[in-house]
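What follows is a single structure, written as structure tokens, with notes after it.
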Amino acid sequence: MDVKRVAILGVLLVLLIILIVVFFKSGGKEKIKQPPPAPRPELQSQPKESGQTKKIVLLFLSEEDDLLHPEEREIIADSSVVRQASQTIEELIKGSEKGYLSPFPPETKLRQLFITKEGVAYVDFSKELTEKHPSGSSAEILTVYSIVNSLTQNFNSIKKVFILVDGGEKETLGGHIDLTRPFLPQYSLIAD
Amino acid sequence: MKLSAKDYPDFSRAIFTSSFPLSYTLEKSSSFLLVHLETKFRFRIQRDAIESDFIKSFGWIKRNDSYTITIETKHSNFKFDHFVQNNPYQLVIDFRQLEEKKIESQSSLEEAKVTDGKKKETPSQPVVSNPQGRQSPPAAKGIKTIVIDPGHGGLEAGAKGKFGTMEKEITLAISLKLKGIVERNLAFRVVLTRDKDLDVSLENRAALANNNRAGLFISIHTNSSYRKNAQGSETFFLSLNATDEEARKLAYLENSSPEFEGQIEKGSEDEIKMILWDMAQSAYIKQSSQLAEILQKELNLLLGTMNRGIKQAPFKVLTGVACPAVLVEVAFISNPEEEKDLLNEAFQNDVAQAIYRGLVSYIKLYSQ
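Each protein sequence line maps, in turn, to chains V and B.
At position 69 of the first sequence the residue is numbered 99 (the working numbering), and the sequence of numbers has no breaks.
At position 124 of the second sequence the residue is numbered 138 (the working numbering), and the sequence of numbers has no breaks.
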């Protein structure tokens with residue numbers, strides 16, 4: 031009788047421990063698993079064997095004027111618009127091959143990029159974008175529109191661009207230009 | 015359909031918000047404005063808040079395929095403008111009272127003082143309040159207070175020059191000089207958004223202007239560029255990003271009460287419940303562009319800096335300001351030559367003088 035009881039108790043105890051472990055494990059998992067804000071693109075685009083490329087236009091700054099200057103670049107074409115847009119921003123951050131000025135602090139990185147059904151591209155940069163930015167209206171305007179125009183010009187499905195910093199909304203880029211609203215492109219800033 | 019009314023510093027606004035576009039005609043009939051709407055749809059009309067001294071009530075008459083909305087105003091002496099915006103569809107009608115009291119506006123200072131003593135008065139009263147008793151050359155309609163905003167401040171230093179000059183220092187120096195010149199020559203009240211090296215949020219700057227019923231808002235900045243040799247001065251007014259969405263937000267959260275007016279000058283920013291006029295500036299784009307043009311002309315004349323013209327950009331500080339508002343980029347602090355200029359007292363005085371002249375021309379234009 032006693033042995034039986036102990037055995038049953040033992041089995042129950044083991045079951046309880048297993049239940050507790052399973053419960054906490056799954057509970058923990060749920061805490062870690064945050065609702066994904068959007069499909070997170072792979073930042074490192076793996077070159078595929080097919081190797082199809084697409085020509086895009088990046089917009090850089092010049093020492094000569096306050097306009098955005100186009101420079102062609104090739105990106106991998108056989109991927110989603112999100113991945114192509116990410117590549118575009120990464121190429122933009124890498125800088126010009128023709129000696130144009132970069133509109134980014136060199137330490138800036140792209141954290142993530144996603145596009146909503148309404149055609150708003152959310153581009154999330156590392157905090158260096160604002161922390162290391164020289165500030166000043168002209169500098170901020172050109173940084174913003176090099177991003178915005180480079181995206182809207184190459185991808186028809188992108189109508190507006192929302193700039194995020196370090197995963198969240200920032201009030202301004204460097205004290206001037208409003209980052210709390212999505213930007214429409216400003217084609218008048220592009221040099222011919 | 016929702017009907018609402020609200021007073022702004024120099025006009026009163028009626029807004030019809032509808033879930034579909036309206037085909038309308040307007041007809042003035044003594045102190046009423048009749049809005050004839052033709053529609054196949056039946057709709058429910060709902061009176062929303064009427065927060066206006068001038069617009070007294072809404073009424074309506076329904077016929078087969080048409081409605082007539084009646085807007086009753088305080089008196090028949092008014093003119094009106096109207097425009098529509100989308101998402102949601104809104105018919106906006108602005109009422110401006112005409113001076114029925116020509117005699118009063120040219121009257122003596124005593125009378126001006128009496129009205130000054132009264133807290134509440136109709137927003138477009140053309141009397142300039144003036145404690146010093148100086149006669150303002152042009153008594154611009156509705157403009158009593160000018161708000162000058164020295165860019166940046168406190169921990170937020172703005173752009174920096176090669177010699178270490180900080181944008182926040184120059185903007186304050188120029189703003190203080192401008193305040194002095196305006197007060198010596200014009201009868202307007204001048205309010206600075208900061209008068210020392212202080213952190214003031216961009217929203218609070220706009221709120222301060224709105225709480226003080228500013229007639230003009232001038233934000234002073236020094237520019238900075240990635241280009242080493244960028245130079246010159248330019249004047250900005252707000253560009254609306256994603257206009258369709260902003261129109262929807264035009265209705266603002268109102269939280270004003272007469273007590274605020276007394277508190278504001280004590281600098282207790284945090285205690286002031288802000289009047290949040292989100293995107294209020296969108297109603298003033300045209301006047302702001304004119305103000306920018308006039309100021310830029312004077313800057314070019316007096317400074318001899320390169321003319322970079324007037325431009326539009328989405329400046330955070332301008333979005334909530336409910337009056338004509340511009341942002342002046344005096345010169346480039348990132349250009350060592352101009353940084354030296356900006357540090358120079360005489361140059362700072364010239365800048366203040368140029369902006370002052372621009373203000374006078376603008377006010378003259380608007381008081382005609």
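In this text, a Cβ means the ideal position worked out from N, Cα and C, and glycines have one as well.
message = Looking at chain B, is there any beta carbon in it that lies within less than 9 Å of the beta carbon of P100/V?
response = No, its Cβ sits nowhere closer than 9 Å to a Cβ of chain B.
message = With a threshold of 7 Å on Cβ separation, who are the neighbours of D355/B within its own chain once the five nearest residues in sequence on each side are excluded?
response = So the qualifying residues of the chain are A345, F361.
key: Among A368/B, N91/B, A228/B, E113/B, nearest to E248/B - alpha-carbon criterion   = Closest by alpha carbon: A368/B.
inquiry  = Suppose the cutoff is 8 Å on Cβ atoms and the five residues either side in sequence are ignored; what does the same chain contact list for T83/V look like?
reply    = The answer, listed in chain order, is E104, I105, I106, A107.
query = Looking at the structure shown, is R227/B part of a helix, part of a strand, or coil, going by DSSP?
reply = Per DSSP, reduced to three states, the secondary structure at R227/B is coil, with no helix or strand assignment.
task = Provide the residue(s) that pair with T159/B in DSSP beta bridges, ordered along the chain.
result = T159/B is bridged by DSSP to R203/B.
query = Given that a residue counts as buried once 16 or more other Cβ atoms are within 10 Å of its Cβ, and exposed if not, what is V153/V?
reply = Label assigned to V153/V: buried.
query = Within this structure, are the beta carbons of S239/B and L172/V separated by less than 9 Å?
reply = Closer than 9 Å, so yes.
task = Out of T207/B, K193/B, A171/B, point me to the one whose CA is closest to P164/V's CA.
result = With distances taken between Cα atoms, P164/V lies closest to A171/B.
ask   = Beta carbon of D108/B, beta carbon of F25/B: below 9 Å?
value = Cβ distance < 9 Å, so D108/B and F25/B count as in contact.
ask   = According to DSSP, is V98/B helix, strand or coil?
value = The DSSP-derived three-state label of V98/B is strand.
query = When the Cα of S348/B is compared with those of S156/V, I123/V, G166/V, K139/V, which residue comes out closest?
reply = The shortest C-alpha to C-alpha distance from S348/B to any of S156/V, I123/V, G166/V, K139/V is the one to G166/V.
ask   = Using the beta-carbon of each residue, which ones in chain B are nearer than 7 Å to S187/V?
value = Among the residues of chain B, none has a CB under 7 Å from the CB of S187/V; the nearest is roughly 16 Å distant.
message = One question on the structure: do S187/V and I145/V come within less than 9 Å of each other, judged by their Cβ atoms?
response = In terms of Cβ geometry, S187/V and I145/V form a close pair [threshold 9 Å].
query = Taking buried to mean at least 16 other C-beta atoms within 10 Å of its own C-beta, is G372/B buried or exposed?
reply = Classification for G372/B: buried.
request  = Please check the pair L192/B and A366/B, which I expect to be a contact at CB under 8 Å, by giving their CB distance rounded to whole angstroms.
outcome  = Correct: roughly 4 Å between the Cβ atoms.
query = How far does the beta strand (DSSP E) with K139/V in it reach, from first residue to last?
reply = From DSSP, K139/V is part of no beta strand (DSSP E); its letter is neither H nor E.
Cβ neighbour criterion (16 or more within 10 Å) applied to P66/V = The predicted model places P66/V with a pLDDT of 48, which falls under 50 and marks its position as unreliable; any figure quoted below should be read in that light. That one is exposed.
request  = With 9 Å as the C-beta to C-beta threshold (strictly closer), list the residues of the region 215-244 of chain B near chain V in chain order.
outcome  = Residues passing the 9 Å Cβ filter: S215, L216, E217, H235, T236, N237, S238, S239, Y240, R241, K242, N243, A244.
key: Status (buried if at least 16 other CB within 10 Å, exposed otherwise) for V174/V   = With 16 or more Cβ atoms within 10 Å of its Cβ, V174/V is classed as buried.
ask   = For Q216/V and chain B, any beta-carbon pair shorter than 9 Å?
value = Nearest CB-CB separation between Q216/V and chain B: below the 9 Å threshold.
message = Taking CB distances under 9 Å as the criterion, tell me whether G205/V reaches chain B.
response = It does: the Cβ of G205/V has a partner Cβ on chain B nearer than 9 Å.
key: Closest by C-alpha distance to Y298/B, when choosing among L17/B, S18/B, L48/B, P23/B   = Cα-wise, what sits closest to Y298/B is P23/B.
query = Which residues of chain B have a Cβ atom closer than 9 Å to the Cβ of L30/V, listed in chain order?
reply = Because chain V here runs from 31 to 222, residue 30/V falls outside it and cannot be looked at.
ask   = Are L206/B and V161/B touching if we call contact CB-CB under 9 Å?
value = Against a cut-off of 9 Å, the Cβ pair of V161/B and L206/B comes out as a contact.
key: Residue environment, T217/V, which counts as buried when at least 16 other CB atoms sit within 10 Å   = With the sequence shown as reference, residue 217/V is identified as Tyr, and Thr is not the correct amino acid for it. It counts as exposed.
task = Could you check what DSSP says for N358/B in three-state terms: helix, strand or coil?
result = It is coil, neither helix nor strand.
ask   = Looking at the structure shown, is K20/B part of a helix, part of a strand, or coil, going by DSSP?
value = In this structure, K20/B counts as strand in the three-state DSSP scheme.
ask   = In whole angstroms, what separates the C-alpha of Y38/B from that of I59/B?
value = Each residue's Cα considered, the two are about 15 Å apart.
inquiry  = So, for V87/V: in the same chain, excluding its five sequence neighbours on each side, which residues have a beta-carbon less than 8 Å away from its beta-carbon?
reply    = Result list for V87/V: P100, E101, E102, R103, S180, Q183, N184, in chain order.
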